[in-house]
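Enquirer:
Number of protein chains: 4
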Amino acid sequence: MIIVMRKGASKEELAEVKKRIKELGYKSHVIHGEIRNVIGAVGDERGKSILQSLESMPGVENVVPILKPYKLASREVKPEPTTVTIVPGLEIGGNRLIVMAGPCSVESEQQILETARAIKSAGATVLRGGAFKPRTSPYSFQGMEEDGLKLLAMAREQTGLPIVTEVVNPRDVELVARYADIMQVGARNVQNFALLKMLGQLDKPVLLKRGMATTIQEFLMSAEYILSEGNRRVILCERGIRTFETATRNTLDISAIPVLREQTHLPIVIDPSHATGHASLVPSMCFASVAAGCDGLIVEVHPHPETAASDGPQSLRPAEFQTMMNKLAEFAKVAGKEL
Amino acid sequence: MIIVMRKGASKEELAEVKKRIKELGYKSHVIHGEIRNVIGAVGDERGKSILQSLESMPGVENVVPILKPYKLASREVKPEPTTVTIVPGLEIGGNRLIVMAGPCSVESEQQILETARAIKSAGATVLRGGAFKPRTSPYSFQGMEEDGLKLLAMAREQTGLPIVTEVVNPRDVELVARYADIMQVGARNVQNFALLKMLGQLDKPVLLKRGMATTIQEFLMSAEYILSEGNRRVILCERGIRTFETATRNTLDISAIPVLREQTHLPIVIDPSHATGHASLVPSMCFASVAAGCDGLIVEVHPHPETAASDGPQSLRPAEFQTMMNKLAEFAKVAGKEL
Amino acid sequence: MIIVMRKGASKEELAEVKKRIKELGYKSHVIHGEIRNVIGAVGDERGKSILQSLESMPGVENVVPILKPYKLASREVKPEPTTVTIVPGLEIGGNRLIVMAGPCSVESEQQILETARAIKSAGATVLRGGAFKPRTSPYSFQGMEEDGLKLLAMAREQTGLPIVTEVVNPRDVELVARYADIMQVGARNVQNFALLKMLGQLDKPVLLKRGMATTIQEFLMSAEYILSEGNRRVILCERGIRTFETATRNTLDISAIPVLREQTHLPIVIDPSHATGHASLVPSMCFASVAAGCDGLIVEVHPHPETAASDGPQSLRPAEFQTMMNKLAEFAKVAGKEL
Amino acid sequence: MIIVMRKGASKEELAEVKKRIKELGYKSHVIHGEIRNVIGAVGDERGKSILQSLESMPGVENVVPILKPYKLASREVKPEPTTVTIVPGLEIGGNRLIVMAGPCSVESEQQILETARAIKSAGATVLRGGAFKPRTSPYSFQGMEEDGLKLLAMAREQTGLPIVTEVVNPRDVELVARYADIMQVGARNVQNFALLKMLGQLDKPVLLKRGMATTIQEFLMSAEYILSEGNRRVILCERGIRTFETATRNTLDISAIPVLREQTHLPIVIDPSHATGHASLVPSMCFASVAAGCDGLIVEVHPHPETAASDGPQSLRPAEFQTMMNKLAEFAKVAGKEL
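Protein chains in written order, with our numbering: chain F, 94 to 432; chain L, 94 to 432; chain E, 94 to 432; chain W, 94 to 432.
Below is the structure:
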C-alpha cells in the first residue's frame, strides 16, 4: 500500500501516519519527493481494507493499493490452470471446449426434451435451463421452480447431458443441488455474499456470472468468497457489461478473457446470448470468444423463440445452433481446443 | 407496444405477426409507412414482456414498448405523493426533511452510542448503522450481526431515534425486523427478488437503494416487487451510479430526483456518502440534494473515521456533521422543507 | 511515479529499471516488499508520460502515477480562486452568480431579440446562442454562421448583455472572436487540441465544456492546453456525462463541482439543459448546482420550444425561466452568492 | 416517428399535434390505446430531427424515432458490401484481410524504417504511424508533423507499403493528403464535423475511428458526414469504448462487428492496441476480431516499446507481431479471409 501525503503536510502529520501504520502491523518506508512525500506500507495488505481509512488522517491525500486483494483465485498463488470436473469424464479448463446450451427458462416437458436432444446432436455437452428466474418485473414469468428442476433431471436421464441451472435464494441451495450438476449464480447475484458463502460449502461446481457493473477485480473477489469457504470448483462466466451502447443488450467484454487468464487460474466461459440480446449476433461472438481463448460457452437455444416465456429474441433455433457449432469446431481447432 | 417491420417484409409476414398479436390478447393496428410498416399492439402491455418475443418472427425488425412496465409505483396510478410513517409521529415524504445518520458499521457500544448522541444533537432524526455488512472481500469485517442489532436497539432506547439497518439474506428478514424501524436493502441487493418479496410481506418501511448499474425504470420495478406483495411503505434511495469517472467512488445521479418525482409518488432519499466516497464532498452534495427536492438524506458519520472498520474516508466527523446540518437548515427552508 | 515490479522479478530486471529511471532524469528509491518490490521514481513527473513506457520492461507489472499531470490549472500552483473578467464590470468566480441564457441556435432576428430581452428582464447577465452548430446529422440545421453572429451582436447592442457562442473550427476562431465576448468550446471539441491551442493565444475568456466521456483529470488537461498558451481566462463547464441511464440525455455530474473546487482555481459553470435534455428537469438542477457551489449556469431558453431548430425539448420558455430565476435567487443567497 | 401522448391529454392537444405534424410535411395516423394515444407520423423522417421538438407541445409525453437517421451508410440503401481501394491492387472489404501496423508515433528515420521492414516481412500490408499526435497533455510529445510525414513517405518508397496517418486539424488536410494513402480520423475527432466535411471532399480513403463514447448510430452518422460530401471510401474502425472497467484502457466492443455488418455496407477494421492498452492482450483480440468477421486490423508495433515516445505499453515488438501473424493466418482462413 502506498500512502500519498499532501503537498505541505507537516512532519507531525507524517509521524502520526507512520505510527498508525506500525499499529496496524506494517513497516513504513518514506520516500521524500520533490513535491510531496509518499509512504510505502510494507506487509501483506490483502484483505486489510482497513488501511484505506488512513485517508481520513490529516495530511494524507490518498491511499493506493499495490497488491491485488484476492489470493486463492490468483495465479500468483496457483500458477497452473485449474480444470474443474463437471461430472466424471467431463472437465472444463483443459483441452476440451465445453458448450452449454438450452433455453432461458424450462417451460414444458416437450420443450426441454426437444431442446436437449437437439443440442446434444449438435455437439453440446451440458444442458442449461432456468427453473428459478430472477425477472426484472414481478409480473413476468418467474420460472417453474422445482417442477422445472424435475424436467431438467428427466432430460438428463434421456440424453446423458449434465445440467446447469441457476439458484437465486440461499434457502434453495440444497434443493437445487439435489438436481443440478453445476450451480449457476446469475449476474444479479454476483455480490449476493450469503449465497456465495453457501455455495462455497458445497461439493459441486459453481458457474459464477459476472455482474453487469462488476469490475474484473470485484468478480475475482466474488470467486474468492466461494473458494475461501472450501469449494475450489469455480467456473467464471463473462456475460456482457452495461455501457452506454444500446445496439446490444450489454457489451460483451471479450478482452476479459486474456485479462482473467493473466490474473487467475480458473476456467472461463462466455455467454454471448445475454451479452448481445440478439440471436443474429450470437454465432460471431461464439467464434470470437473461442479465438480469444475461452474454455467454454453457454448459449441460449429454444425450439420456438417467438413463443419463449423469456429471452426469445436472443435464442438460437436448433438449426441455427447446429450451423454455428459446425463452424465453431473449425475455430476451436485453430485455438487448440477440441469440441 | 409498437412492432416495427423490416423494409421489404412480406404481406404474409405481416399477417403472421397480426395473428400472433391477436393470440396474445391485443388488437393490432397497422400504419403503412413509406419505407416500412409499423404495427401498434393496443392493450395493457405492462408486465407482458412476452410481447418482446415477437422480435424473433420473420419480418420483424424490433419491438418498442410504449407504456412503463410498473403500475403501483407509478404516478399515473397514484398521482398524490406517498408519505411513509417511520414511527408514529415521524413521516417521510411530507414537509419535513428526514436526515438519517450514523456509522457504516456498528463497531462497539461506545462507538454507536457516541455517534447516536452526536447526530441527535445535530438534528438528525434516524440512526443508521450496519450489522450485516455485504463486503467485496471475504477477508473484510462482515459486521457484528445480531450483537450489532442489539447495540442499535440500545442506542434507540437512549436517544429515542428510530433505526435503519440493512438486511442481506432473506433468512434474516425476521431477525432484523425485530430490531429495525426501517429495513434497508443495499445497492447490491436491488435485484435480489427473493429478498424483495419477503420485505413486501412485512409491515415495516423499506429503504430501497438503487444499484450501481440500475436504470431508473429497473429501480421502480424493484420497488414494484415490494409494493405488489402488499407493503406500500417503500422509500427510494439514490446512492450514486457506476460510471467511467474515478474521482468519486460513484457518480451521484442527482437528476434522478426530479425524474423519479415525475414518475413515482414514493419518497426519495439521497446517500451522498457512498455516492462520493470522500467526506469532503458530502456537505455540498447534501445541499444540492435538498435544493433538488429530495425528502431525506442518509449520511455516514463516525467519531473516528481514521479507525473505522469500513468506509472511513467517506464518513463525516460529528463536528463536521453539525456544521453541515446548520447550513442544510437554510437550504431546506428555501426548498420548502423543515429540518 | 511508482513502478510496481512483478512477483519474482530478477535482480537484473530491477537493476535495468533503475538504470532507465536514472537515464530519464529521476532518482530511484526501492522499497523491498514481502511479495514484490516497488520503486519510487523521485522527480517532477508532470508532463512526462514517457515514464509510462517502463511498463514494457521485463519484470515490471505496472506504473502508478502519483502527481496530477496538470500544473497551471492546479490549486497546488495557484491556491486562490481565479476570477475571470467577462467584460469590464462583470466577473465570474467571485461573489456574483453568473447566469448565461438563450436559445440553442440563433434562428432569426426576432427570435434572438425576443429571447435576449426576456432573459435580461429575468436577471440573466450573459446571452448564449449558437451560430456554428455541431450536429450529429449532416442533414440537420448547421447554424446561421456569420449571420447568426451578427444577430447576436445586434442583441448585445440592444440589451447590453455580453454574448457567449461556440466555435468549432480553428479556422473560424478569428471570425467568432470579432463578435463573441466569451468563446465556447463544445463538449465534442474538449480534446480538439488544435482549437484549444488557438484559443490559448487569444485575449478573451473561454468557456470550456467537459466532454461526455472526459474524466475530470482529462478535462483539466484540456484547460491546461489553453492556459499553457498564455490565456488564463478559462471557465470550466460541466454539462453531463454519458452513462447507461437513458431517462436523461446525459447524467449531470454535480459532484464535479466540489471535486473541481478542490483541484483547480478556475471558475465552474453548470449546463443543466444539455445534461438533462428535458425542460422540466432544468430548474431543480439549477437549484442543486448553486447549492453545490457553482459560479454560474448556462441555460437554454427559447420563446417557442415546439418550433426550435434544435434542442426544443430541453429549452425553458421565458416565463418558466423567470419563475426559475426567482427561486434561484433565494438559493444563491444561502450559498453566499448574489444573482 | 411515433408521438406518444400523455395519459389524459385532451382532444385539443391531440388536434394541435396533428396539425403541427401536417405542417412539417407528414401524415398523421392516430392509434387510440386503452391508456394513452399514440400518433404515427408517416413520411421519411431521416435527417429531420426537428420532429423531436414536438416533445415540447402540451399533451406530448415523448417522441420515438422509428427509422435510422443515416441513409448513405445504410444497408437498406446499399445492400451489397463496399470494397474500398486503398491503392491500385489493394482493397479492403473483400476476401483479403488487411493488416495495418506500425508505431504510434513516427520518432526517427531508423525507427520507422526498421518497423516498416519488420511488419512487411511479417505480412502486414499497410504501414501506420502518427505525425500529428493529439495528446491529452500539452507537455507530451506532439508528433514530428511534416517531418514525420516525409519519413513515412520514405518508408513507403523503400517497402512499397501504403501509409495510413492521422489528421487532426482541418487546416492540415491538404498537407497530410499529399503524403497519406489513407487519412485517419482519430477517436477524439469522430464528431469534428468540420474535419469530416473536408475529408468528404477528398478523393482518398478515410479510416474513421469510433469515439470512446460514440454509439454505433452516432458513429454511422459521422460516416454519413463524409459520404454525403461525395467521398464514398470510408473505412470504419472500432477501437474500444470507455466503460467503468479499468483493467483495460478501453473496452473493445467486438460485438460492434456483427452489429455494423447488419446496418452498414462499409468495411470494418479493429484496433486492439488502443482498445486494450496492453501488448499482452493484443494477439488474442486480433484473433477474436477476425473470427467475428472484421475486414482488417490496425496494430501498434514498435521495435523498442520501453523507449517509445507514446503508447509503449500497448505496442508489440516485431517478433511478437510475427508470432501473432502466423496464428492469425490460420484463424483468417477459417473466417474465409486470406491474409
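Note that CB positions come from ideal geometry on N, CA and C, so glycine has one too.
Thinking C-beta only, is Cys379(F) closer than 7 Å to Pro398(F)?
Expert: no
Enquirer: Write down the C-beta distance between Val199(E) and Leu268(E) rounded to the nearest angstrom, noting that I regard them as a contact closer than 8 Å.
Expert: No, Val199(E) and Leu268(E) are not in contact; Cβ-Cβ is about 15 Å, not under 8 Å.
Enquirer: Given that Thr252(F) touches chain E, what residues does it touch there, using C-beta distances under 9 Å?
Expert: The contacting residues do not exist; Thr252(F) stays about 39 Å from chain E at best.
Enquirer: Compare the C-beta of Val261(L) against all C-beta atoms of chain F and say whether one is closer than 7 Å.
Expert: Chain F has a Cβ within less than 7 Å of the Cβ of Val261(L).
Enquirer: Express the C-alpha separation of Leu320(L) and Thr176(L) in angstroms, rounding to a whole number.
Expert: 14 Å
Enquirer: Report buried or exposed for Glu259(F), applying the criterion of at least 16 other Cβ atoms within 10 angstroms of its Cβ.
Expert: buried
Enquirer: Under the rule that 16 or more other beta-carbon atoms within 10 Å means buried, what is Asn188(W), buried or exposed?
Expert: exposed
Enquirer: Ser149(L) touches chain F at which residues, Cβ-Cβ below 8 Å?
Expert: Ala372, Pro398, Glu399, Ala401, Gly405, Pro406 and Ser408
Enquirer: Any beta-carbon of chain E closer than 7 Å to the one on Phe286(W)?
Expert: yes
Enquirer: What would DSSP say about Ser146(F), mapped onto helix, strand or coil?
Expert: In the structure shown, Ser146(F) falls within a helical segment according to DSSP collapsed to helix, strand and coil.
Enquirer: Can a CB atom of chain W be found closer than 7 Å to the CB of Gly126(L)?
Expert: yes
Enquirer: If you run the structure through DSSP and keep just helix, strand and coil, what is Asp265(L)?
Expert: helix
Enquirer: I'd like to know if Thr344(W) contacts chain F, where contact means its C-beta is closer than 7 Å to some C-beta of that chain.
Expert: Flagged as an interface residue toward chain F: Thr344(W), by a C-beta distance shorter than 7 Å.
Enquirer: Quick one: is Ser377(L) near chain E, going by C-beta distance under 7 Å?
Expert: yes
Enquirer: Which partner residues does Cys330(F) have in the DSSP bridge list?
Expert: Answer by DSSP bridge pairing, in chain order: Lys302(F) and Val362(F).
Enquirer: Do Leu359(F) and Leu390(F) have their beta-carbon atoms positioned less than 7 Å apart in this structure?
Expert: no
Enquirer: With H, G and I counted as helix, E and B as strand and the rest as coil, what does DSSP make of Val110(W)?
Expert: helix
Enquirer: Tell me the residue span of the beta strand (DSSP E) that contains Gln277(L).
Expert: That run of the beta strand (DSSP E) goes Ile275 to Val278.
Enquirer: If I'm right that Thr344(W) touches Thr336(W) with Cβ under 8 Å, what's the distance once you round it to whole angstroms?
Expert: 4 Å
Enquirer: What does DSSP give as the partner residue(s) for Thr357(F) in the beta ladder?
Expert: Ser167(F)
Enquirer: Is Gly405(E) helix, strand or coil when you go by DSSP?
Expert: helix
Enquirer: Does Ile185(E) get closer than 7 Å to chain F when you measure Cβ to Cβ?
Expert: no
Enquirer: Per DSSP, what kind of secondary structure is Gly133(F) in: helix, strand or coil?
Expert: strand
Enquirer: Can you tell me the Cα-Cα spacing of Ala306(F) and Gln294(W), whole angstroms?
Expert: 43 Å
Enquirer: What does Lys100(L) touch in chain W if you count any residue whose Cβ is under 8 Å from its own?
Expert: Glu169
Enquirer: According to the neighbour-count rule (16 or more other Cβ atoms, all chains shown, within 10 Å of its Cβ), is Thr178(F) buried or exposed?
Expert: exposed
Enquirer: 7 Å is my cut-off, CB to CB: does Ala366(F) come that close to chain W?
Expert: Before going further, note that residue 366(F) is Ser rather than Ala in the sequence given. It does not; no Cβ of chain W falls within 7 Å.
Enquirer: Once you ignore the five residues that flank Gln310(L) on each side, which residues in its own chain have a CB closer than 8 Å to its CB?
Expert: Lys161, Pro162 and Tyr163
Enquirer: Rounded C-beta distance between Asn285(F) and Asn285(L)? I'm assuming under 8 Å.
Expert: 6 Å
Enquirer: Taking C-beta to C-beta, are Ala287(W) and Pro263(W) nearer than 7 Å?
Expert: yes
Enquirer: Should His122(F) go down as buried or exposed, given a rule of 16 or more other Cβ atoms within 10 Å for buried?
Expert: Answer is buried; the Cβ neighbour count reaches 16.
Enquirer: Per DSSP, which one or two residues make a beta bridge with Val153(E)?
Expert: Met98(E)
Enquirer: In its own chain, which residues sit with a C-beta less than 7 Å from the C-beta of Ala270(L), not counting the 5 before and 5 after it?
Expert: Met276, Leu295 and Lys297
Enquirer: Quick check on Ile433(L): does DSSP put it in helix, strand or coil?
Expert: With chain L covering 94 to 432 only, the question about residue 433(L) has no answer from this structure.
Enquirer: Judging by CA-CA distance, which residue of Gly279(E), Tyr318(E), Arg326(E) and Leu289(E) is the nearest neighbour of Gly304(E)?
Expert: Gly279(E)
Enquirer: Excluding the five sequence neighbours on either side, which residues of its own chain have a C-beta within less than 7 Å of the C-beta of Glu314(F), listed in chain order?
Expert: Just to set this straight, residue 314(F) is Met in the shown sequence, not Glu. Taken in chain order, the residues that qualify are Pro162 and Tyr163.
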